[in-house]
Structures are given as C-alpha cells and as structure tokens.
Amino acid sequence: MPNGVDVNVLGECVADTIRYSAQHEVTYPGGSAANVAVGLARLGRRVDFATCLGDDEHGQLMRAHLAREHVRVINVAAEGTPTPSAVAVLDESGAAAYEFSVTWAAGPNLPAPRGSHLHLGSFPVFLSSAPAELDALLLSVRDHSSVSLDPNVRPELMGDPHRSRERLESVLRFVDVVKASDEDIAWLYDGADAESVARGWLEAGPGLAVVTMGANGCFAVSQHGTCRVPPVRVDVVDTVGAGDTLMAALIDGLMDARTLGPRSSHRLAGLDADELRKVLARAGRAAAINVSRAGANPPSKEELDG
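Throughout, my numbering is defined as the position within the sequence shown, counted from one, plus 355.
As structure tokens, then:
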C-alpha cells in the first residue's frame with residue numbers, strides 16, 4: 356500500500372464517560388471514527404487517523420490510547436479547539452443514550468489520504484462549517500482510493516433530519532460503501548423502509564449498502580440483491596462501539612476480498628452473495644465480541660479469526 360498505509364480514517368475522537376449508575380462512571384477513549392481506526396489496527400491494518408484533538412486532558416487520553424493501538428494520528432484541529440466529549444447513560448438493557456459536548460473545527464487544507472481506502476466518520480460530513488472542503492478532498496481521491504461512510508446519526512448534534520438527509524445524499528456520490536443502522540435510517544427518512552432506502556443509496560453512487568439491526572442481525576444490498584445475516588447470540592454487557600466494530604471488520608473483510616481500493620465499483624459489483632455473506636457474518640462476529648465486554652473494545656485478528 357502507498358507509503359505504508361492501508362486505510363485512512365477521517366473523523367471524530369470523543370472522550371466517552373460511561374455512566375453505569377449514579378455511583379459508577381468511567382471515561383474511555385472513544386468516538387465512532389476513532390473506534391473504527393482502532394478496530395482496523397487490531398485487525399492488522401496500518402491506519403492513518405486524521406481527527407480533531409485539543410490540548411487538554413481528554414486530548415491526552417485520546418493520544419495515549421491511539422498510540423497504544425498503533426494508530427498514527429494527524430491532528431487537523433483548529434488552534435484552541437477542545438477535544439470532543441460525551442456522557443453515555445446506560446439503561447437496563449445496556450443501550451446507551453448520549454449527552455454531547457462536541458464540535459468539528461478542522462483547520463484548512465485537510466490532508467490528502469495516503470492509503471488505498473478512506474473511511475469517513477459522521478462529524479466531518481454533518482458538523483463541518485466548510486463542507487465544500489470535504490467534498491473537494493473526496494473528489495481528489497477518486498482515482499486512488501475507495502471511500503466508506505457511516506452516518507452514525509446523533510439527533511442531538513445533527514438537529515434537522517431533512518437537512519442531514521440532503522447532506523448525506525450529496526456526499527454519497529463520492530462513497531463506495533455505506534453502513535447505517537436501521538435507527539439511523541428511521542431518523543433520516545422519517546420511518547421509511549430501511550431496505551428501500553438502502554436500494555436508493557445504490558442509485559446515488561455506492562456499490563454496497565449495509566444496514567445493521569442490533570439484536571436482529573444485519574443485511575447488505577448490492578447489485579446482486581439483498582444478503583441477510585442473523586445475529587450472533589452473546590451475553591451483552593453494553594452496546595457501545597458495536598456498529599463501529601462491525602464497520603472496521605466490514606472494511607477489513609472487503610479489503611481481504613480485494614474489492615476496495617482505486618476504482619472499486621466494478622469489484623464490489625462482482626462480489627457474489629456467498630462471499631458477501633462471509634464478510635458480513637465475520638463483521639457480525641466482531642460486533643458480538645465487542646458487546647460482550649465493557650465499552651468500545653473491538654477484537655484482535657486472533658480473537659476474531661482464531
């Protein structure tokens with residue numbers, strides 16, 4: 356891969372304080388894009404991660420965490436920007452509700468990706484005050500990098516579903532693989548059928564759309580139709596980072612299948628149902644391992660593949 360990098364990730368770090376009860380809370384390094392970067396690194400990928408980190412305690416936590424995980428950090432934050440933070444309050448089922456203190460304040464001139472795949476987190480897509488800069492970057496990488504996106508809807512941050520949907524659909528023309536939860540789609544598309552929405556996304560640009568359904572598994576829509584994978588049953592500690600872990604394993608599996616990289620559309624179109632099912636099932640296993648332990652804690656390659 357170019358310059359020793361397999362995957363570039365562009366997106367958010369968030370210092371996550373998980374409140375298990377009124378008497379017990381723990382702060383973990385997190386953020387959807389950061390979790391994907393760590394998940395890929397644990398699966399053996401060489402990762403460059405462009406993100407916004409402040410010169411503060413939360414930033415120190417994130418830098419130390421990413422260094423331990425062998426993720427190379429490129430700080431694109433404007434001067435004086437604090438590290439984003441959030442509090443996740445868990446209910447009795449382990450599901451998380453979030454309270455955010457965040458911004459996406461990247462400086463000018465986002466760095467050009469060095470790897471053959473770029474994964475986008477939601478913050479640069481939905482929270483940037485300069486969306487044209489991201490669009491220019493995505494246009495510039497079309498000939499040497501595939502692109503994936505997880506919209507990772509956070510209504511508290513994104514505000515208006517209609518405006519967010521318009522922004523998502525404007526970015527999809529640059530995207531090869533999109534992954535979203537059924538809850539993301541319900542919010543963005545006012546309760547519309549998730550499979551119908553995913554099929555519509557294919558017309559906008561992506562060659563593959565994956566929809567996760569929590570305890571009900573996931574499905575993917577491609578030119579070959581719909582591929583469904585049942586859930587892996589485990590004892591759930593919490594669901595923090597489950598979708599991010601699945602995203603990382605999905606990217607890793609598609610790279611193993613040689614369907615990502617420059618001009619990936621025809622290779623994604625050629626991915627048959629059996630191979631796609633294997634990739635999805637493996638990604639589902641990764642997510643199951645993650646939810647069986649506290650916080651965003653994706654598996655290593657050895658844990659996932661034995």
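Using N, Cα and C, we set each Cβ at its ideal position, and we do this for glycine too.
Distance from the CA atom of Val496 to the CA atom of Asp629, rounded to whole angstroms, is 30 Å.
The closest CA to that of Cys573, considering only Asp593, Trp556, Ala597, is found on Ala597. Looking at the backbone, the Cα of Pro510 and that of Trp542 are separated by about 8 Å. DSSP places Leu615 in the coil class of the three-state scheme, outside both helix and strand.
The distance from the Cβ of Ala433 to that of Ala452 is about 29 Å, inconsistent with a contact at the 8 Å cut-off.
In this structure, Glu558 sits away from Val457, with a CB-CB distance that is not shorter than 9 Å.
In the DSSP assignment, Gly409 falls outside any beta strand (DSSP E) and carries neither an H nor an E.
Ranked by how close their Cα comes to the Cα of Met513, the residues Arg554, Asp537, Ser484, Ser501 have Ser484 in first place. The closest CA to that of Asp531, considering only Tyr544, Leu416, Leu504, is found on Leu504. Per DSSP, Leu482 lies in no beta strand (DSSP E) segment and is marked neither H nor E. Asp498 has its alpha-carbon roughly 32 Å from the corresponding atom of Leu659. Asp371 carries a strand assignment under DSSP once its states are collapsed to helix, strand and coil. Take Val591, set aside five residues on each side of it, and the residues of its chain with a beta-carbon closer than 6 Å to its own are Gly449, Val646, in chain order. Inclusion of Val566 and Ile606 in the CB contact set at 9 Å is not warranted, their separation being larger than that value. Between Ala638 and Gly608, the C-beta spacing is below 9 Å.
Judged by DSSP in its simplified three-state form, His472 adopts strand.
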